[in-house]
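J.: Each number in the working numbering comes from the position in the sequence shown (counting from 1) with 457 added on. Backbone N, C-alpha and C fix where the C-beta goes; we use that ideal spot for every residue, glycine too. Shown below is the structure under consideration.
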Amino acid sequence: MSFGLATLLTLVALATSTLSAVTGVAGGVVLLSILLLTVPARAVVPLHGAVQLAASASRIVVFWRHMRWRVVLGFGVASALGAVAAAPVVSAMPARLMKGLVAGFILVSVALMLRKPHAQTSDDDKASAADAIDSAPPPSRGRALLWLSSMGLASGFLGMLVGSTGPLVSQAFLYAGIVSEAHIASKSGCQAVVHALKIPVYGLGVRFQYGAYAPTIGAMSLASVVGTLVGRQLLSRLSQARFATITQLLLGAIAIKILVVDVMLA
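Structure representation (structure tokens):
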């Protein structure tokens, strides 16, 4: 990889991590989109996973006290099963098909983000929703945990193929009533599991050469951590709704370009 491209991707990692801290979503999907435009198809998911693992780890440290460990454990076990099931599929999948799947999933992610409510909730409502699984009657608690485990299985499988499943995880958590700091912490924990699983799947199954990209991965990972800190400072100054709208339009345009020009017309 050239120095110019590595520098560009490092700046993109900084910008998308900042975006994610400001809007709550979209940063990982935007990074995935840019990687899809700039690096070989086989390198998109493993590079994205390595960088996002660092970003997720930084959020885990910041929101450690709000972590829902039972949720992360159940999600993580299910994700591992999904990743194991996806490994042979990843190894056999043609690069063109993989590129089309990633672009298609970006469009699905945009649709999920459009459904995400932006209304503000009171502190009491947030605290009540964050405790939903623990305080709900057994049947409701069981359904919520079953739903989250099912989403973990799907995220583990799809994460190996398309890279970013953040919007899917967010929808699962909102369904289960996990919001606010508990949402950020637990989602980061679950995504860290999925991103970590990509390393053996792509390193052993696809024989992806992580060493060849090590300097770029290191620089992008550091930039993503810095971006999180920058985003926290900008959070109170910028309109989240406007950022979200711009991001969704950008993602949709990139995904359509890839599907039409790079997949259908290639």
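Would you say Gly-613 faces chain C, with C-beta separation under 9 Å as the test?
T.: The chain labelled as chain C is not found in the depicted structure, where only one protein chain is given.
J.: Taking C-alpha atoms, which residue in Ala-544, Leu-625 and Phe-520 lies nearest to Leu-661?
T.: For Leu-661, the nearest C-alpha among the options comes from Ala-544.
J.: Is the Cβ-Cβ distance between Leu-504 and Tyr-670 less than 9 Å?
T.: Yes, the pair counts as a contact, with Cβ atoms nearer than the cut-off.
J.: Compare the C-alpha of Gln-628 against each of Thr-673, Ala-642 and Trp-604 and name the closest.
T.: Of the candidates Thr-673, Ala-642 and Trp-604, the one whose C-alpha sits nearest the C-alpha of Gln-628 is Trp-604.
J.: Find the nearest neighbour of Ile-641 within the set Met-458, Ala-472 and Arg-522, judged by alpha-carbon distance.
T.: It is Arg-522 whose Cα lies nearest to the Cα of Ile-641.
J.: Determine, using beta-carbon pairs with one atom in the segment 607-622 and one in the segment 531-546, whether at least three such pairs fall under 8 Å.
T.: Short answer: they touch.
J.: So, using beta-carbon positions, are Ile-674 and Val-502 closer together than 9 Å?
T.: Not closer than 9 Å, so no.
J.: Assign Pro-574 to buried or exposed, taking buried as 16 or more other Cβ atoms, counted over all protein chains shown, within 10 Å of its Cβ.
T.: Confidence at Pro-574 is low in this model, with a pLDDT of 48, below 50, so the placement of that residue should be treated as unreliable; the coordinate-derived value is given next. Pro-574 should be labelled exposed.
J.: Once you ignore the five residues that flank Val-546 on each side, which residues in its own chain have a CB closer than 6 Å to its CB?
T.: Excluding positions up to five away in sequence, the list is empty.
J.: At which residues does the alpha helix (DSSP H) containing Met-677 begin and terminate?
T.: 671-691 is the extent of the alpha helix (DSSP H) around Met-677.
J.: Quick one: residues in its chain with C-beta nearer than 8 Å to the C-beta of Arg-516, no 5 flanking neighbours on either side, listed in chain order?
T.: Closer than 8 Å at the Cβ level, and outside the excluded window around Arg-516, lie Ile-641, Ala-642, Ser-645 and Thr-685.
J.: Work out the CA separation of Trp-526 and Ala-463 for me, nearest whole Å.
T.: Ala-463 and Trp-526: Cα-Cα distance of roughly 36 Å.
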